[in-house]
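**Student:** With UniProt numbering applied, the sequence shown covers 1 to 207.
Using N, Cα and C, we set each Cβ at its ideal position, and we do this for glycine too.
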Amino acid sequence: MTIFQNARFYTTVNHLKDLPPTRAEVAFVGRSNAGKSSAINTLANRTRLAFVSKTPGRTQHINFFDLGEERYLVDLPGYGYAEVPEAVRTHWVALLGRYLQTRQNLVGLIMIMDSRHPLKELDWKMLEFFRETGRPVHILLSKSDKLSRMEQQKTLASVKKALADYPAVSIQLFSSLKKTGGETVEEVVERWFDAYLAQGQDEMPSA
Numbered sequence: 001m002t003i004f005q006n007a008r009f010y011t012t013v014n015h016l017k018d019l020p021p022t023r024a025e026v027a028f029v030g031r032s033n034a035g036k037s038s039a040i041n042t043l044a045n046r047t048r049l050a051f052v053s054k055t056p057g058r059t060q061h062i063n064f065f066d067l068g069e070e071r072y073l074v075d076l077p078g079y080g081y082a083e084v085p086e087a088v089r090t091h092w093v094a095l096l097g098r099y100l101q102t103r104q105n106l107v108g109l110i111m112i113m114d115s116r117h118p119l120k121e122l123d124w125k126m127l128e129f130f131r132e133t134g135r136p137v138h139i140l141l142s143k144s145d146k147l148s149r150m151e152q153q154k155t156l157a158s159v160k161k162a163l164a165d166y167p168a169v170s171i172q173l174f175s176s177l178k179k180t181g182g183e184t185v186e187e188v189v190e191r192w193f194d195a196y197l198a199q200g201q202d203e204m205p206s207a
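Encoded structure:
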């Protein structure tokens, strides 16, 4: 059984003071409607572990999923479009930002981008924002089944070239529909957890 297939819902957090104690956690983030919830469900081999909505911006809290051995998968609010009141959006952005830059147990970030529309302005902002932590990022170019084989390789090469100056970032193709790419994600996350727990939180793993 893979690490993600142990996943079970643990808690939902709307304030940093309520964050649970963990040994280590990996967070999933992406633009609204990029396929983040579908990716989590596919990796966990579930249909509704993470809620999938046709309405962008449905995830508005930080959701924790227990992976066992005090390791957690963290589902963060999507950034970008969301039909929510401005006060809610402001709180949401502040919560996301503070979590990403101050959470000591966070070993790395899985960032989901729609392979048909990668590296939009908000994606670049997120990468720059998180870069300051020194932690690794692994990008899933989701919905790759929507592209031809040639388009997939062209997109992958293009994103890798654009991020050549980001040594802590790795990239792969991923499809929730075809269930492809999951093994690579698992290998990356397992490596992050192992390195973090072996070295201690003061030395972060590389991508």
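Can you check whether the CB of Ala7 is closer than 8 angstroms to the CB of Leu73?
**Tutor:** Yes, they are a contact pair.
**Student:** Among all the DSSP beta bridges, which residues are the ones paired with Met111?
**Tutor:** Val29 and Ile139
**Student:** Sort out for me which residues DSSP pairs Ser170 with in a bridge.
**Tutor:** Bridge partners of Ser170: His138.
**Student:** What number of angstroms, rounded off, separates the C-alpha of Phe129 from the C-alpha of Ile171?
**Tutor:** Roughly 18 angstroms separates the two Cα atoms.
**Student:** Report yes or no: do three or more beta-carbon pairs, one from the segment 22 to 36 and one from the segment 102 to 114, lie closer than 8 angstroms?
**Tutor:** yes
**Student:** In angstroms with no decimal places, state the Cα-to-Cα distance between Asp75 and Lys146.
**Tutor:** Cα to Cα, Asp75 sits roughly 24 angstroms from Lys146.
**Student:** Just how far apart, CA to CA, sit Ser38 and Glu190?
**Tutor:** 20 angstroms
**Student:** Can you find at least 3 beta carbon pairs, one from the segment 13 to 21 and one from the segment 148 to 163, that sit closer than 8 angstroms?
**Tutor:** Output reads no: the segment 148 to 163 does not touch the segment 13 to 21.
**Student:** Check the C-beta distance from Gln24 over to Arg71 and give it rounded, since I have them as a contact under 8 angstroms.
**Tutor:** Here residue 24 turns out to be Ala, not Gln, going by the sequence shown. Contact flag correct, Cβ pair sits at about 5 angstroms.
**Student:** Going by the beta-carbon positions, is the gap between Thr2 and Ser176 smaller than 8 angstroms?
**Tutor:** no
**Student:** Have a look at Lys125, Lys160 and Gly97 and flag the residue whose alpha-carbon is nearest the alpha-carbon of His61.
**Tutor:** Gly97
**Student:** Compare the C-alpha of Thr12 against each of Asn63, Asp165 and Tyr196 and name the closest.
**Tutor:** Asn63
**Student:** Can you give the Cα-Cα distance for Gln5 and Lys125, rounded to whole angstroms?
**Tutor:** 31 angstroms
**Student:** Is the CB-CB distance between Val29 and Leu109 below 8 angstroms?
**Tutor:** yes
**Student:** How should Pro77 be labelled, buried or exposed, when 16 other C-beta atoms within 10 angstroms of its C-beta is the threshold for buried?
**Tutor:** buried
**Student:** What does the alpha-carbon distance come out to for the pair Asp66 and Lys179?
**Tutor:** 22 angstroms
**Student:** Between the C-alpha atoms of Ala162 and Leu49, what's the straight-line distance to the nearest angstrom?
**Tutor:** Roughly 33 angstroms separates the two Cα atoms.
**Student:** From the DSSP secondary-structure annotation, give me the bridge partner or partners of Ala24.
**Tutor:** Arg71
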